[in-house]
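In what follows, a structure is listed as structure tokens, so that the remarks can point back to it.
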Amino acid sequence: MMDTRRHLRGIGDLDRAALERLLDLTDHMAEVGRRANPKVPALRGRTMCNLFFEDSTRTRMSFDTAAKRLSADTMTLAVGSSSVNKGESLRDTVETLGAMGVDAFVVRHRSSGVPWRIAEWTEASVINAGDGWHQHPTQALLDLYTIRSERARRLGEDAGFEGLRVGVIGDIRHSRVARSLTEALGLLGAVVVHIGPRTLMPPTPLARSTDDLDGELEDLDVVYLLRMQNERMDAALIPSGEEYTRRFALDPQRAGRLGEHVLVMHPGPMNRGVEITVDPTTLPGAVVTTQVTNGIAARMAVLFDLLGGVETEVSA
Amino acid sequence: MMDTRRHLRGIGDLDRAALERLLDLTDHMAEVGRRANPKVPALRGRTMCNLFFEDSTRTRMSFDTAAKRLSADTMTLAVGSSSVNKGESLRDTVETLGAMGVDAFVVRHRSSGVPWRIAEWTEASVINAGDGWHQHPTQALLDLYTIRSERARRLGEDAGFEGLRVGVIGDIRHSRVARSLTEALGLLGAVVVHIGPRTLMPPTPLARSTDDLDGELEDLDVVYLLRMQNERMDAALIPSGEEYTRRFALDPQRAGRLGEHVLVMHPGPMNRGVEITVDPTTLPGAVVTTQVTNGIAARMAVLFDLLGGVETEVSA
Amino acid sequence: MMDTRRHLRGIGDLDRAALERLLDLTDHMAEVGRRANPKVPALRGRTMCNLFFEDSTRTRMSFDTAAKRLSADTMTLAVGSSSVNKGESLRDTVETLGAMGVDAFVVRHRSSGVPWRIAEWTEASVINAGDGWHQHPTQALLDLYTIRSERARRLGEDAGFEGLRVGVIGDIRHSRVARSLTEALGLLGAVVVHIGPRTLMPPTPLARSTDDLDGELEDLDVVYLLRMQNERMDAALIPSGEEYTRRFALDPQRAGRLGEHVLVMHPGPMNRGVEITVDPTTLPGAVVTTQVTNGIAARMAVLFDLLGGVETEVSA
């Protein structure tokens, strides 16, 4: 019975029309970002609070920059993982910050589902900035926007997502990025294939899966590499780092087989020498830095969509 | 010989007229807080520095939000308690920050009196955000404002404080909240009774005291519960947590005996199951969340009162 | 082949004309700082990022205040020294923040040369806030501005730096302050003498050096005391703290021998009882607090010089 319009906890909070509207809004925010003064007063007087229970400088700074470009105020509460299980204390914190006038909580937590629980305790909007292995919807939004805008730039027109072939490579099972991206691409009609060791595929498939990267490579429009966490190797889920790299890394030979307009993406930070052994700056299709830049625009779009009301507008 | 007008180190810096002026200013700031855009340019160009030698996310964020709503700049220096005794270093820090143009220091320290020492070293205003067991004047201000506005809302008119009966319940001895609140209520003519174990009463009484909560309950207009710190139980100042709860907690039975318009207050965070065993959301008189919201307005009032000069004004 | 105009990594990025331009700009910013509202919109929409790999609250807050007075947005990344040797990770961090739109990195690092490496990885401006024993150019700029403005105030006219005699006293060898200050004073024609134990002089002299403070004292226009680090004594580079203080401290007797208009300076924080045993507030020539205040103006000047373009201007 919750109003899904007020939150972005997961891709499930969006339908196709809402996702397309956010992509259009991201495009507008990207244009703002190219201005000499990239700051607009759209969210003046609004307050965004980062609630980070897991460290992520990169994501936190991206949201912070997005909020400041919209002239919102920001505050950050970085909580040690020791507090993770104190449900009562988390609820008190959320209620207290809500009573102080926080308009949006940006939540990162190592446990799946925490953004949904927080949304039950507050009138503020909740944006999921990564919960466990579950969802990371703003990453999916920035990735979709990057695919759309970079393909339009390379192909001369907006070809759309219908029938687009995206290979997501790596540890699908433990990746909130893969989960959100796959759901979002599915909403728009793209065809996703999950490529990686069988041990790193989710128990319930989200898409067609295979462990034969070389058999798929020439059919892909987008190669999306995931970060391989060292802890997966420690847990013996893959035979060895070398074996993983041999079978699944983007190496110079595989890079040479990519089609002319294929995009190479990564959510960062890259584990060089593990999932990628080629210098991405030598690949015409690599857009990893562009993803970071678009992350600001995508998060501006989400903040504006959730917090901007009739009394606000995007203007210089 | 210090100019008490420039600081809010304790309730002693105020007389009745000054306190009433701050309550009226808080009312104005609360109205600002209800606007679509709750931000005013009143303190643009002013800088507030949080000097926190004791962790308190809640209080720090309340001051920070208040300052930002007035368009002041803020900075935070959170100092580990290891530096507590380095008097020289504290003085250097204060002088250096003062030379950088800080206009107000908001100070929290576990030792009583530190805000007064800091005030000797700087031209900036000093606001006490809690010093040891001594003073916490902005908490008292927000509590008084909550009593005044919530009673006016419930009773249909501003009944004033004269003769108002307030029971402060718990560890009076170690509570800066109790001390500041009792002094401030006294200035306005309210009648305060301190209720709790004899071992937790101050050596020098601040008000009439008793350990018979049940004998007082039906005479109270305001029930103000203090947080019971676990360390008091460890120190054997009370027999046990269960015993404390049995004799002094607001439980469902006691809550049922409260009059229709009695307010139930707590400075937060509540120790549920210790000083309160009833869900406060079921009590019509509970205003704990409202206290948090009013904390922003009260701190805006104090900041504006100390830093706003002839060249500033509160306007949209 | 780098554009030295875009960075302030060391005094070597400046020639005499550029240094004099920065001093004039600092004078303008100092005037802004004396206004009732010391905030100007000059850098609205620009973002400064503090990248601090070594703790320095004082310097970080000075840059932060300077940026906010120019209406720039700021973010801070304080990195534990454990990350010092992860070159790859530092590069990723810089590239990521650059892609998010950071316009200037303010870098403090315990290793010499890090700001130069960072400048190779980013399109943003790089400002050195202290690298190892190497450079600290904004400290030199604020010191030069303090000398110029305080001498003009005392002598009734701007006497210039030509022939000015400056004694820098202490641990020259390990001091980035001494290195930057000596180079900058040299650019403007001042005569610098380094005074301290032979063991604390650099292997390659930067200026004439001596260990006879008393023989130099009466020839100096400026006495610049460095902070003596306890670790030097531990490393047996000086016989003992008492011996150092006896031979090189500014004590009451030496202070009495200073000429009427001699300035006494220190980069802070002072090690009272070690390099100075007289209360500086009793010395008419002591300008230590003024240095802190001028630090804001000097950093505003640098930020404006590097980031202010045709579309920005300093106005109220």
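Protein chains in written order, with my numbering: chain A, 167 to 482; chain B, 167 to 482; chain C, 167 to 482.
Glycine included, every Cβ here is placed at the ideal spot set by N, Cα and C.
Check whether residue i and residue j have beta carbons under 8 angstroms apart
i      : j      : result
A:V273 : A:V280 : yes
C:V343 : C:V389 : no
C:M214 : C:M466 : no
B:H275 : B:S346 : no
B:I404 : A:G267 : no
C:A270 : C:L473 : yes
B:T304 : B:A464 : yes
A:F414 : A:E397 : no
B:R320 : B:H432 : no
C:R175 : C:N294 : yes
C:A238 : C:L209 : yes
A:F219 : A:V245 : yes
A:M227 : B:M227 : no
B:D483 : B:Q395 : Because chain B is modelled from 167 through 482, residue 483 of chain B falls outside the range shown and cannot be assessed.
B:G425 : B:V458 : no
Contacts of residue i in chain C (Cβ-Cβ under 8 angstroms)
i      : result
B:D258 : G434, P435 and M436
A:N396 : By Cβ distance, chain C contributes nothing, its closest Cβ being about 14 angstroms from A:N396, past 8 angstroms.
A:M227 : M241, L243, L263 and M266
Proximity test, Cβ basis, 8 angstroms: residue i and chain C
i      : result
B:M266 : yes
A:T455 : yes
A:F470 : no
Cβ distance (whole Å) where residue i is taken to contact residue j below 8 angstroms
i      : j      : result
B:R420 : B:L383 : 6 angstroms
C:L189 : C:Y311 : 6 angstroms
A:L191 : A:L354 : Their Cβ separation, rounded to whole angstroms, is 16 angstroms, which puts A:L191 and A:L354 out of contact at 8 angstroms.
B:V206 : B:L307 : No, B:V206 and B:L307 are not in contact; Cβ-Cβ is about 19 angstroms, not under 8 angstroms.
B:L416 : B:V453 : At roughly 13 angstroms, the Cβ-Cβ gap does not stay under 8 angstroms, so B:L416 and B:V453 are not in contact.
A:S278 : A:D297 : 5 angstroms
C:I335 : C:L379 : 6 angstroms
B:T223 : A:L243 : 6 angstroms
C:S255 : C:W299 : Contact flag wrong, Cβ pair sits at about 24 angstroms.
Same chain, Cβ closer than 6 angstroms to residue i, five either side skipped, listed in chain order
i      : result
B:H173 : D179, A285, S291 and V292
A:S375 : H360 and M367
A:L330 : A356 and D387
C:H333 : The question names His, but residue 333 of chain C in the sequence shown is Gly. These residues qualify, in order along the chain: V359, I361, E382, L386 and V389.
Cross-chain neighbours of residue i in chain A, by beta carbon under 7 angstroms
i      : result
C:M214 : Per Cβ cutoff of 7 angstroms: no residues; C:M214 is ~12 angstroms from chain A at best.
Contact list for residue i against chain B, beta-carbon separation under 7 angstroms
i      : result
A:M431 : Ordered by position in chain B, no residue passes the 7 angstroms Cβ test against A:M431, which lies about 37 angstroms from the chain.
C:R230 : It is Asp, not Arg, that sits at residue 230 of chain C in the sequence shown. Chain B residues near C:D230: M241.
Per-residue contacts from residue i into chain B (C-beta, under 8 angstroms)
i      : result
C:S315 : Those within 8 angstroms of C:S315 in chain B number zero; the least Cβ separation is about 15 angstroms.
Contacts that residue i makes with chain A (C-beta to C-beta distance below 8 angstroms)
i      : result
B:P204 : G211 and G267
Chain-order list of residues whose beta-carbon lies under 7 angstroms from that of residue i (same chain, five-residue window excluded)
i      : result
B:E323 : none
B:G352 : V358
B:D471 : L188 and L191
A:W287 : R257, V260 and E261
C:R364 : D377
Test: residue i CB closer than 8 angstroms to a CB of chain F
i      : result
B:R342 : Going by chain labels, chain F is absent from the structure shown, which instead holds the protein chains A, B and C.
8 angstroms Cβ cutoff, residue i in contact with chain B
i      : result
C:I293 : no
C:V458 : yes
A:L310 : no
A:L263 : yes
C:I442 : no
Short CB-CB distance (under 8 angstroms) between residue i and chain A
i      : result
B:T223 : yes
B:G199 : yes
B:I338 : no
B:T304 : no
C:L473 : no
Own chain partners of residue i with C-beta closer than 8 angstroms, once the 5 adjacent residues on each side are dropped
i      : result
B:A318 : D324 and A325
A:E289 : G264
C:A402 : none
A:P204 : V198 and R235
Under 9 angstroms by beta carbon: chain A residues contacting residue i
i      : result
B:I462 : A265, M266 and G267
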